[in-house]
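*Asks:*
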Amino acid sequence: MAGLAWFAIIVSLTLYCAQSLLVEGKIQFDILALLPEGKTEKMRISNQLMDDANIPGRMVILFGHKDKDTALQALQSFRTQIKPLSLPIMEQNPRTMEAQFKALFTSLYPYRAGLIAKDDLLKLSNGKEEELANRAVSNIISPFGSFSAEQIKTDPFGFFPNFVTSFRLTDSIQMDPEGNIIINSGGLTWFVFQGHMTEKVFSLKLQEKISDDLLPILSQLNQSTGVQILKLGAAFYAAAGAQQAKTEISEIGLISTLGIILILLLIFRVPRPIFLAVTVVTTGLIGGLATCLFWYGSIHILALVFGSSLVGVAVDYSLHYYCASFIRKDNKSINRYSILSTLLPALPLGVLTSSIGYGLLIVAPFPGIQQMAILACVGLLCTFISVSLWGPYFIKAGERKVPALATTIQHYLEKFASLGRVKHLRLALSIVVLSIFGCGTMKLTFDDNVRGFQALNPILKSEEEQIKTMMNFDNSSKFLAIQAPDIETVLQTEEALAKDLTGINYQAIASVIPSQKSQTETRAIKLAFSQKYFPQIAATLGISEAFDAKTAGFDSPLLVANEQLLTKLPTGLKELIHRSKSGQITGRIMLNGEIDNAKIDSIIAHYENVQLIDPVSEYTSLFTSYREVMMLLVAGLLMGFALMLSFRQGIRAAIQISTPVLFSILTTMGIIGSLGIGFSMFHAMGLILVLCIGIDYALFLFWRETADQNSHNGDLLLLGNALAAITTILSFGLLSLSSTTAVNSFGFTVFLGIVLNFLITTLFLGHIKCKN
Numbered sequence: 160m161a162g163l164a165w166f167a168i169i170v171s172l173t174l175y176c177a178q179s180l181l182v183e184g185k186i187q188f189d190i191l192a193l194l195p196e197g198k199t200e201k202m203r204i205s206n207q208l209m210d211d212a213n214i215p216g217r218m219v220i221l222f223g224h225k226d227k228d229t230a231l232q233a234l235q236s237f238r239t240q241i242k243p244l245s246l247p248i249m250e251q252n253p254r255t256m257e258a259q260f261k262a263l264f265t266s267l268y269p270y271r272a273g274l275i276a277k278d279d280l281l282k283l284s285n286g287k288e289e290e291l292a293n294r295a296v297s298n299i300i301s302p303f304g305s306f307s308a309e310q311i312k313t314d315p316f317g318f319f320p321n322f323v324t325s326f327r328l329t330d331s332i333q334m335d336p337e338g339n340i341i342i343n344s345g346g347l348t349w350f351v352f353q354g355h356m357t358e359k360v361f362s363l364k365l366q367e368k369i370s371d372d373l374l375p376i377l378s379q380l381n382q383s384t385g386v387q388i389l390k391l392g393a394a395f396y397a398a399a400g401a402q403q404a405k406t407e408i409s410e411i412g413l414i415s416t417l418g419i420i421l422i423l424l425l426i427f428r429v430p431r432p433i434f435l436a437v438t439v440v441t442t443g444l445i446g447g448l449a450t451c452l453f454w455y456g457s458i459h460i461l462a463l464v465f466g467s468s469l470v471g472v473a474v475d476y477s478l479h480y481y482c483a484s485f486i487r488k489d490n491k492s493i494n495r496y497s498i499l500s501t502l503l504p505a506l507p508l509g510v511l512t513s514s515i516g517y518g519l520l521i522v523a524p525f526p527g528i529q530q531m532a533i534l535a536c537v538g539l540l541c542t543f544i545s546v547s548l549w550g551p552y553f554i555k556a557g558e559r560k561v562p563a564l565a566t567t568i569q570h571y572l573e574k575f576a577s578l579g580r581v582k583h584l585r586l587a588l589s590i591v592v593l594s595i596f597g598c599g600t601m602k603l604t605f606d607d608n609v610r611g612f613q614a615l616n617p618i619l620k621s622e623e624e625q626i627k628t629m630m631n632f633d634n635s636s637k638f639l640a641i642q643a644p645d646i647e648t649v650l651q652t653e654e655a656l657a658k659d660l661t662g663i664n665y666q667a668i669a670s671v672i673p674s675q676k677s678q679t680e681t682r683a684i685k686l687a688f689s690q691k692y693f694p695q696i697a698a699t700l701g702i703s704e705a706f707d708a709k710t711a712g713f714d715s716p717l718l719v720a721n722e723q724l725l726t727k728l729p730t731g732l733k734e735l736i737h738r739s740k741s742g743q744i745t746g747r748i749m750l751n752g753e754i755d756n757a758k759i760d761s762i763i764a765h766y767e768n769v770q771l772i773d774p775v776s777e778y779t780s781l782f783t784s785y786r787e788v789m790m791l792l793v794a795g796l797l798m799g800f801a802l803m804l805s806f807r808q809g810i811r812a813a814i815q816i817s818t819p820v821l822f823s824i825l826t827t828m829g830i831i832g833s834l835g836i837g838f839s840m841f842h843a844m845g846l847i848l849v850l851c852i853g854i855d856y857a858l859f860l861f862w863r864e865t866a867d868q869n870s871h872n873g874d875l876l877l878l879g880n881a882l883a884a885i886t887t888i889l890s891f892g893l894l895s896l897s898s899t900t901a902v903n904s905f906g907f908t909v910f911l912g913i914v915l916n917f918l919i920t921t922l923f924l925g926h927i928k929c930k931n
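So the sequence shown is numbered by my numbering: it starts at 160 and just counts up by one.
And the structure:
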């Protein structure tokens, strides 16, 4: 009855999962959902900028060729081919951007008296007025000059035109009559396509569109026309990473599955253990998936993929169950309904410890990992129920002989385990473990830099550097955030900071829209200068008119940075100011090039409302804190398991069971340190799995050790542990082959830890000691 009831529950959960995934589509594809949520004020401000500016969604594609027309045709062909594909790409038309800037400066013209280019202001402040006066005279009398009679009255010294041109891009960038951006570099003519994605860049669906639709078009253009194509944008990196991950997952998953099936068939010669494993793992996945969908409302695709790795742990229980079915009492096979009793209390304790370990991964800052933790924790509990209730139906009744290969492997494992009886060998092993740990930790370094967790595609990285050189920009992710209750305070603070940022390339809204205080000061300086030097212009032109301050705009009201003006800001300037729903204003000074954080910190130390926002540093600090938390979890879990076992079996037994696991963890850390590998949060995550999986090996062998030898005649517990270790290595350890640093670190730690754990546990607990 219990088995039927459990079957009904699994069927119901299966229908619920099918409804949620296939009908309602409750699957997340956005990779950003895997990143930690902003835990600090600085991370919150950083995320605001990402949303306002759509920084991840920006893209630049360059088409270059010796023949200008060929390059232009390639750009036009690209535009034509992407239209019918419904790709979520919106081109930033240079003419539109030009019109936006023109509209902005047109609206600023009435307030020209308070506006001035930075270089002009420096000359006025440093006693170089004559230079500016001579420049104005030269422009007026030049036959190629653009000064009109009207401009001589409204802006005789050309301050406003110079203010406008100070925002001009590099001279290497030109524009043809059709509005296409052209760059001449390296003997080639390059046409530029600038755009942004209208969907989330890190959506796996979008990355598939880029890989399947966009990139083939670029490749075809390269082959058919001979144009060189350069790409820049997070979308291209994400697509390359997704394609790489997809390939790795499929290859590793295939090797893992085939490896496990092949090993089980070779050893047992029958498919029953495979059917048992598949059934048990499937119910575990369904139970864990249903819990995630109910708890979170959806599940991330990578958490779902990770669920397939549950096979490496869940299959252990079915393997131990199947191996235990060969135990004989009085030279007869035990009743198949009594098999579970031979695995008590090791099996339930193993499930409990592994579930606790997986469950504690919920403290990780990644929402995706939290979903993985819930899926695995609940999945293991469901696995145990399935083994307990359905296991007997997969066992052949009556006399059963142990397969020859299984007997042979068990025999050699027994021989290896017998070495553990030699006290000097165990003592020597302990000394070796502690020596490796001691030497390794002396060299152990920590690497929590977020940049190192994802290997950037080298081809795309090279293309990015070429584009940055040609377009003469070197954007940094760092910026200064100025928070205040009103815009005027933000602008005044930015202007004060500008005096300290000499030599640093930056963008600030105050450079375009000065504060009213700055406008007042600028008007006074320009008025005094104009009244002093206008007679020189009048003499040059042979006129007797005096300078008219009203006609030059000095009587106009001051420019006010209100909401109406801010909405007119074009792309590139709009993200320099942010108004929250509560009304608080955040100004952003974008820093470019190589930025010395210490220097910036010393500059802003005098400002209460200014913060340096360095997203990379913030995430690195977050990863550091979580690595430390996970290392404490490893220590706390081990102590907790030991304490739990000491209450049940006594302190001596707790030490016996915990020591092999402790030694494997210490040795793993020592080897990582000795190899010069930077220890990261993902290594710590791997150690948690080593602890939770490895404790099972010790539990099974400990209760085998303390049982009557006659009741365990011919058991296959060592073989069961060996198969469990192999399946874990195939499921998790193969991740060490990944080229993604984070995945590689996790997989390498699990591989090394499980191998060491199995060997040490077998030596310390694998030999049988009779109670009689």
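Just so you know, even glycine gets a beta-carbon here, dropped at the ideal spot from N, CA and C. In this text the structure is predicted, and so the values were computed from the model without any measurement.
Can you give the Cα-Cα distance for A879 and F638, rounded to whole angstroms?
*Replies:* For the purposes of this step, residue 879 is taken as residue 720 along the sequence shown, with counting starting at 1. For the purposes of this step, residue 638 is taken as residue 479 along the sequence shown, with counting starting at 1. Checking the displayed sequence, the identity of residue 879 turns out to be Gly instead of Ala. About 57 angstroms.
*Asks:* CA-CA distance, S636 and M749?
*Replies:* If you number the sequence shown from 1, residue 636 lands on position 477. If you number the sequence shown from 1, residue 749 lands on position 590. About 8 angstroms.
*Asks:* With DSSP as the reference, identify every bridge partner of L391, one or two as the case may be.
*Replies:* Against the sequence shown, residue 391 aligns to sequence position 232. Answer is V219, bridged to L391.
*Asks:* So within the region 470-514, which uninterrupted alpha helix (DSSP H) runs reach at least 4 residues, ignoring any that extend past its ends?
*Replies:* The qualifying runs are 470-483 and 498-501.
*Asks:* What residue range is occupied by the uninterrupted alpha helix (DSSP H) comprising V546?
*Replies:* Here the question's residue 546 lines up with position 387 in the sequence shown. Run containing V546: P526 to W549, per the alpha helix (DSSP H) assignment.
*Asks:* On the CB-based measure, 16 or more other CB atoms within 10 Å of its CB, does I702 come out buried or exposed?
*Replies:* Within the sequence shown, numbered from 1, the residue matching residue 702 stands at position 543. Per the 10 Å Cβ criterion, exposed.
*Asks:* Tell me which residue opens and which closes the alpha helix (DSSP H) that N916 is part of.
*Replies:* Your numbering for residue 916 matches position 757 in the sequence shown. From DSSP, the alpha helix (DSSP H) with N916 extends over T900 to L924.
*Asks:* Between which residues of its own chain and R585 is the CB-CB distance below 8 angstroms, once the five residues before and five after are set aside?
*Replies:* The count along the sequence shown starts at 1 and reaches residue 585 at position 426. Once the five neighbours on either side are set aside, the close Cβ partners of R585 are G579, L922 and F923.
*Asks:* Give me, in chain order, the residues of the same chain whose beta-carbon lies closer than 6 angstroms to that of L163; leave out the 5 immediate sequence neighbours on both sides.
*Replies:* Numbered from its first residue, the sequence shown carries residue 163 at position 4. Answer for L163: no residue qualifies.
*Asks:* If you draw a straight line from the C-alpha of G731 to the C-alpha of N631, how long is it?
*Replies:* Numbered from 1 along the sequence shown, position 572 holds the residue referred to as residue 731. Numbered from 1 along the sequence shown, position 472 holds the residue referred to as residue 631. Rounded to the nearest angstrom, the two C-alpha atoms are 16 angstroms apart.
*Asks:* Quick check on G795: does DSSP put it in helix, strand or coil?
*Replies:* If you number the sequence shown from 1, residue 795 lands on position 636. Helix.
*Asks:* Do you know offhand how far T745's Cα is from I641's?
*Replies:* Within the sequence shown, residue 745 is the residue found at index 586, counting from 1. Within the sequence shown, residue 641 is the residue found at index 482, counting from 1. Taking the straight line from one Cα to the other gives about 5 angstroms.
*Asks:* Could you tell me the boundaries of the beta strand (DSSP E) in which A248 lies?
*Replies:* The residue labelled residue 248 in the question sits at position 89 within the sequence shown. Residue identity differs from the one stated: residue 248 is Ile in this sequence, not Ala. It spans I248 to E250 - the beta strand (DSSP E) in which I248 sits, taken as one unbroken run.
*Asks:* Quick one: Cα of K691 to Cα of V360, how far?
*Replies:* The residue given as residue 691 occupies position 532 in the sequence shown. The residue given as residue 360 occupies position 201 in the sequence shown. Their backbone Cα atoms lie some 57 angstroms apart in a straight line.
*Asks:* Note the first and the last residue of the continuous beta strand (DSSP E) segment covering I114.
*Replies:* Nothing about residue 114 can be reported from this structure: the residues present for the chain run from 160 to 931 only.
*Asks:* Mind the definition here: the region 910-921 touches the region 814-829 only if three or more C-beta pairs lie below 8 angstroms; say whether that holds.
*Replies:* Taking 8 angstroms as the limit for Cβ pairs, the verdict is that the region 814-829 does touch the region 910-921.
*Asks:* Note the first and the last residue of the continuous beta strand (DSSP E) segment covering H355.
*Replies:* As a position in the sequence shown, residue 355 is number 196, starting the count at 1. Element bounds for H355: L347 to M356.
*Asks:* Just verifying my parser: in three-state terms, what is the DSSP assignment at V769?
*Replies:* Here the question's residue 769 lines up with position 610 in the sequence shown. Of the three classes helix, strand and coil, the one that applies to V769 here is strand, per DSSP.
*Asks:* According to the Cβ coordinates, are A483 and L502 closer than 8 angstroms?
*Replies:* Taking the sequence shown and counting its residues from 1, one reaches residue 483 at position 324. Taking the sequence shown and counting its residues from 1, one reaches residue 502 at position 343. The answer is yes: Cβ separation under 8 angstroms.
*Asks:* Could you round the C-beta distance between T229 and T384 to whole angstroms and report it? I think they count as a contact, below 8 angstroms.
*Replies:* On the sequence shown, position 70 is the one that residue 229 refers to. On the sequence shown, position 225 is the one that residue 384 refers to. Rounded, the Cβ-Cβ distance is 6 angstroms, consistent with contact.
*Asks:* Note down the Cα distance separating G400 from K364, rounded to an integer number of angstroms.
*Replies:* Residue mapping note: residue 400 aligns to position 241 of the sequence shown, counting from 1. Residue mapping note: residue 364 aligns to position 205 of the sequence shown, counting from 1. The straight-line gap from Cα to Cα measures roughly 13 angstroms.
*Asks:* Which residue's Cα is closest to the Cα of T899: V609, A698 and Y268?
*Replies:* Against the sequence shown, residue 899 aligns to sequence position 740. Closest option to T899, Cα to Cα, is V609.
*Asks:* So which of I169, L180, T199 and Y175 has the shortest CA-CA distance to L781?
*Replies:* For this step, residue 781 is matched to residue 622 along the sequence shown. Comparing Cα positions, the closest option is T199.
*Asks:* Can you give the Cα-Cα distance for F453 and P336, rounded to whole angstroms?
*Replies:* One-based indexing of the sequence shown puts residue 453 at position 294. One-based indexing of the sequence shown puts residue 336 at position 177. Each residue's Cα considered, the two are about 58 angstroms apart.
*Asks:* With DSSP collapsed to three states, give me the class of L639.
*Replies:* Counting from 1 along the sequence shown, the entry for residue 639 is found at position 480. Strand at L639.
*Asks:* By Cβ distance, which residues of its chain are closer than 6 angstroms to Q387, with the 5 residues on each side in sequence left out?
*Replies:* Here residue 387 corresponds to residue number 228 of the sequence shown, with the count starting at 1. Closer than 6 angstroms at the Cβ level, and outside the excluded window around Q387, lie G223.
*Asks:* Which runs of the alpha helix (DSSP H), 4 residues or longer, sit entirely within the region 381-461?
*Replies:* Runs found: 393-427 and 431-455.
*Asks:* Here's the rule: buried if 16 or more other CB atoms are within 10 angstroms of the residue's CB, otherwise exposed. What is Y476?
*Replies:* What you label residue 476 is simply residue 317 of the sequence shown in a count that begins at 1. With 16 or more Cβ atoms within 10 Å of its Cβ, Y476 is classed as buried.
*Asks:* Do F938 and G925 have their C-beta atoms closer together than 8 angstroms?
*Replies:* Only positions 160 to 931 of the chain appear in the structure, and residue 938 is not among them; the question remains open.
*Asks:* With R580 as the anchor, note down where its beta strand (DSSP E) starts and where it stops.
*Replies:* Along the sequence shown, read from residue 1 onward, the residue named residue 580 stands at position 421. No beta strand (DSSP E) holds R580; DSSP gives it neither H nor E.
*Asks:* Please look up how many angstroms separate the CB atoms of L877 and L572, rounded, as I've assumed it's under 8 angstroms.
*Replies:* Within the sequence shown, residue 877 is the residue found at index 718, counting from 1. Within the sequence shown, residue 572 is the residue found at index 413, counting from 1. Contact flag correct, Cβ pair sits at about 4 angstroms.
*Asks:* Mind the definition here: the region 512-522 touches the region 783-800 only if three or more C-beta pairs lie below 8 angstroms; say whether that holds.
*Replies:* The region 512-522 vs the region 783-800: in contact.
*Asks:* Tell whether a beta-carbon distance below 8 angstroms holds between D855 and S513.
*Replies:* By one-based count along the sequence shown, residue 855 stands at place 696. By one-based count along the sequence shown, residue 513 stands at place 354. Yes. Within cutoff.
*Asks:* Grab me the residues of I772's own chain with a C-beta within less than 6 angstroms of its C-beta, minus the 5 sequence neighbours each way, in chain order.
*Replies:* For the purposes of this step, residue 772 is identified with residue 613 of the sequence shown, where counting begins at 1. K201, I204, S205, F638 and A640.
*Asks:* Please go through the same chain and pick out, in chain order, the residues whose beta-carbon is closer than 6 angstroms to the beta-carbon of K227, but skip the five residues on each side of it.
*Replies:* Along the sequence shown, one-based indexing puts residue 227 at 68. T348, listed in sequence order.
*Asks:* Mark G752 as exposed unless 16 or more other C-beta atoms lie within 10 angstroms of its C-beta, in which case mark it buried.
*Replies:* For the purposes of this step, residue 752 is taken as residue 593 along the sequence shown, with counting starting at 1. With fewer than 16 other Cβ atoms within 10 Å, it is exposed.
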